[in-house]
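Asker: Residue numbers (our numbering): 263 to 997. Just so you know, even glycine gets a beta-carbon here, dropped at the ideal spot from N, CA and C. Sharing a structure with you now.
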């Protein structure tokens, strides 16, 4: 349901921005190296994030409660940092003078384009969603983030209440991406909100912070002039890759991208400016803080973040025929990592475990390989970074070739005019580019090159690669007296405009396709106050509902009929969580049926949900082989030959009549249907009617096998499509 204007979202966006800027301002002024003093305001939010995460870790480790108890302590200390800065400035005027001007005129265009970028990103939250809601394009991680953040917010570290004592939530809080959980918990505590309510605000705020620190990287390291730095910051803020991260709720990656930008600024600058080891000393405090925050937030990315720096160092040393820079920098980094280990040996061990996990795990979903047009955001939609349908292959190739020409010419110009910048952009592009191609080809799946890991690498290094590959634009102005400058200005303006179009398409897409948390499911939290409800069976439909039900029933003992991030188990609970029959229309994607209601005792919580004692339930949901659902249908084809529907019964020997309505893309295709690997039907191309299906207690897999593989349609849709399912009907029968 659309709303006129979601003022609540805007209000908390501003408050959270102020909160983290305030948390970092005093500390930034105290520890930032003098060369960056003029950028203190732009650094402050990132330092604020580091401060909140780092202090939060120690307070969490003390085990005397959640962030609801100690958030005020975290909030008050930054005022002391500000006081200390003012005090030391007065006592030692030579060291702290001049006081930096926090808001310089050169920042105003940056702030304007950043706010505009964030407005486009926030259109769905402001004009489509009502109030503060958790929203996602389909990534279920947002529910896990909210649940573990709730644990960090409301429970002590060793608490074993309800589901916390059954699961590995504590492990995730201690050894997982703690920083992402804690910023959510801290923000929720400060504003007395539930964790799910800030799930969609925080990523947007942190993208805003990322644009600001990106500007510093462009200006101070890559030597972009103010106009060029502002324009490429706009390009970064509009890039659909980052929109994709925000709309899917990749909290850890968004935070860590900002921290890695700051790490690159510190180390690249130190390598270019420091002649002796003592010159490195002013960089140590902030470098240690950033390092520690990454180990708390996204540990396995820390080593990757240093690879471009190492490549640049090796190239500079080789070019100068001297190893002195290597010796001093290695000593500098050794101190940073030693200090990081001393700050928390426990998290240092988790850092090693995460590195091991990252090499063997296969998380996420398959993403197509980036071509130049898609990576640089030229007319891209949000269905998986395929170009918008009307672009012909010739147009795409032409755009990509033009971009490559600008990239190559930029490298040539840098090589001729500034050898240091050339080494910087060449090593960054080479290291990240080679790594991306290796991961993309090793991630080959179902005829497509790419994969989740290659996407993660490209997206986390998006700031570095944009600045490196578009270095030709670093000195453009608004002057029209120079033909070359006019060409570059026109090219950059065109690129920004194309990304603006992509941003609009992205915002429109999530407005139409996002799944959100509604007030009814949030009210499940009221069951925490029911003392007679000790344990609950969460009868599975979709992962989304199961995971959010867990979030709101965290204080209860829970059992799951369907495996998600939590394993399925025997349904030994005293109560079943169900929809109220008749009040919610089952969709063609998922649904419930209650039977044996005469024997049941109900505890309704609202018009949608109730706890049922003594009832039997049948639920259904889509299984494997489907594309994301659309408004009136869902396409098979994610697996070329098969797709499944899961039927889950809490009773044994349930007999049903099953009817599915669908349309085949290929009229020559045919289906064979299996129930739990036994053949039960050979339906037609428009419907599947199966009578007297006998279900076992638990999950029953209805598998449809096609004779012909799914294939792309003729309308330009790049997906392989098979059958468009529009309706499911199920009737419970007696034998």
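#1: Assign residue 503 to one of two classes, buried (16 or more other C-beta atoms within 10 Å of its C-beta) or exposed (fewer than that).
#2: For a quick check, are the C-beta atoms of residue 495 and residue 372 less than 7 Å apart?
#3: Among all the DSSP beta bridges, which residues are the ones paired with residue 966?
#4: Using the C-alpha atoms, what's the distance from residue 950 back to residue 937?
#5: Straight-line CA distance for residue 723 to residue 991?
#6: For the beta strand (DSSP E) containing residue 536, name the first residue and the last one.
#7: Could you pull out every unbroken beta strand (DSSP E) segment of at least 3 residues lying fully inside the region 439 to 520, listed in chain order?
#8: Do residue 491 and residue 513 count as a contact pair if the criterion is CB distance below 7 Å?
#9: What's the call for residue 609, buried or exposed, on a 16-neighbour Cβ count within 10 Å?
#10: Going by Cα to Cα distance, which pick from 796, 814, 894 and 809 is closest to residue 834?
#11: Measure the C-alpha to C-alpha separation of residue 891 and residue 902 and round it to an integer number of angstroms.
#12: Within this structure, are the beta carbons of residue 687 and residue 738 separated by less than 7 Å?
#13: Heavy atom of the ligand GDP less than 6 Å from the Cβ of residue 453, yes or no?
#14: Ignore the nearest five residues each way along the sequence and tell me which others in residue 587's own chain have a CB closer than 8 Å to its CB.
#15: Identify which residue in 885, 958, 268 and 294 has its Cα closest to the Cα of residue 547.
#16: Should residue 266 go down as buried or exposed, given a rule of 16 or more other Cβ atoms within 10 Å for buried?
#17: Alpha carbon to alpha carbon, how far is residue 270 from residue 769?
#18: Report the rounded CA-to-CA distance for residue 725 versus residue 523, giving the unit in angstroms.
#19: Does residue 535 get closer than 7 Å to chain C when you measure Cβ to Cβ?
#20: When the distance is taken between beta carbons, is residue 812 closer than 7 Å to residue 840?
#21: Can you give me the C-alpha to C-alpha distance between residue 413 and residue 367, rounded to a whole angstrom?
#22: Along the chain, where does the beta strand (DSSP E) that runs through residue 774 open and close?
#23: If we call anything under 7 Å between Cβ atoms a contact, is residue 889 one with residue 882?
#24: What does a CB cutoff of less than 6 Å around residue 423 pick up in its chain, not counting 5 residues either side in sequence?
#25: Tell me residue 998's beta-bridge partners as DSSP assigns them.
#26: Less than 7 Å between the beta carbons of residue 450 and residue 460, yes or no?
#27: Could you work out which residue in 292, 871, 804 and 740 is closest to residue 907 when comparing CA atoms only?
#28: Please classify residue 974: is it buried, with 16 or more other beta-carbons within 10 angstroms of its beta-carbon, or exposed?
#29: Leaving out the 5 sequence neighbours to the left and right, which residues in its chain are closer than 7 Å to residue 404 when beta-carbon positions are compared?
#30: Kindly indicate which residue of 735, 306, 766 and 774 has the alpha-carbon position closest to the one of residue 755.
#31: Just confirm the distance between the C-beta atoms of residue 288 and residue 448, as a whole number of angstroms; I'd bet it's less than 8 Å.
#32: Helix, strand or coil for residue 395, going by three-state DSSP, please let me know.
#33: Name the one or two DSSP bridge partners that residue 922 has.
#34: Taking 7 Å as the limit between beta carbons, can you name the residues of its chain near residue 970, skipping five residues before and five after?
#35: Since residue 404 sits in a beta bridge, which residues does DSSP pair it with?
#36: Ignoring anything shorter than 3 residues or poking outside the region 696 to 733, list the beta strand (DSSP E) runs there in chain order.
Answerer: According to the structure shown:
#1: Residue 503 sits buried, since 16 or more C-beta atoms from the chains shown fall within 10 Å of its C-beta.
#2: Against a cut-off of 7 Å, the Cβ pair of residue 372 and residue 495 comes out as a contact.
#3: Looking at the DSSP output, residue 966 bridges to 905 and 935.
#4: In a straight line, the C-alpha of residue 937 is about 13 Å away from that of residue 950.
#5: Rounded to the nearest angstrom, the two C-alpha atoms are 47 Å apart.
#6: It is not in any beta strand (DSSP E) - residue 536 carries neither H nor E in the DSSP assignment.
#7: Runs of the beta strand (DSSP E) inside the region 439 to 520: none found.
#8: In this structure, residue 491 does not lie closer than 7 Å to residue 513 by Cβ.
#9: Burial state of residue 609 is buried, judged by a 10 Å Cβ sphere holding 16 or more other Cβ atoms.
#10: Nearest of 796, 814, 894 and 809 to residue 834, Cα basis: 796.
#11: Inter-residue distance for residue 891 and residue 902 is about 17 Å (C-alpha atoms, whole angstroms).
#12: The Cβ atoms of residue 687 and residue 738 do not sit closer than 7 Å to each other.
#13: The ligand GDP is not part of this structure, which contains no ligands at all.
#14: Non-local C-beta neighbours of residue 587 in its own chain, meaning closer than 8 Å and more than five positions away in sequence, comprise 533, 575, 578 and 579, ordered along the chain.
#15: Nearest C-alpha to residue 547: 294.
#16: It counts as exposed.
#17: CA-CA distance, residue 270 to residue 769, rounds to 19 Å.
#18: Near 7 Å, if we compare the C-alpha coordinates of residue 523 and residue 725.
#19: Among the chains in the structure shown there is no chain C, since it carries only a single protein chain.
#20: No, Cβ-Cβ distance for residue 840 and residue 812 is not below 7 Å.
#21: Their Cα atoms are separated by approximately 43 Å.
#22: Per DSSP, residue 774 belongs to no beta strand (DSSP E); it is in the alpha helix (DSSP H), 745 to 775.
#23: In this structure, residue 882 does not lie closer than 7 Å to residue 889 by Cβ.
#24: Answer for residue 423: 817, listed in chain order.
#25: Since the first residue shown for the chain is 263 and the last is 997, residue 998 is missing from the structure and cannot be characterised.
#26: Their beta carbons are under 7 Å apart, which means residue 450 touches residue 460 by this criterion.
#27: Measuring from the Cα of residue 907, the nearest candidate turns out to be 804.
#28: Classification for residue 974: exposed.
#29: Excluding sequence neighbours, residue 404 sits near 396, 398, 461 and 511.
#30: The shortest C-alpha separation from residue 755 is found at 735.
#31: That pair is no contact at about 17 Å.
#32: Note: residue 395 maps to coil in three-state DSSP.
#33: Its beta-bridge partners are 950 and 990.
#34: Taken in chain order, the residues that qualify are 928, 930 and 931.
#35: Beta-bridge pairing links residue 404 to no other residue.
#36: The DSSP assignment places no complete run of the beta strand (DSSP E) inside the region 696 to 733 (cut-off: 3 residues).
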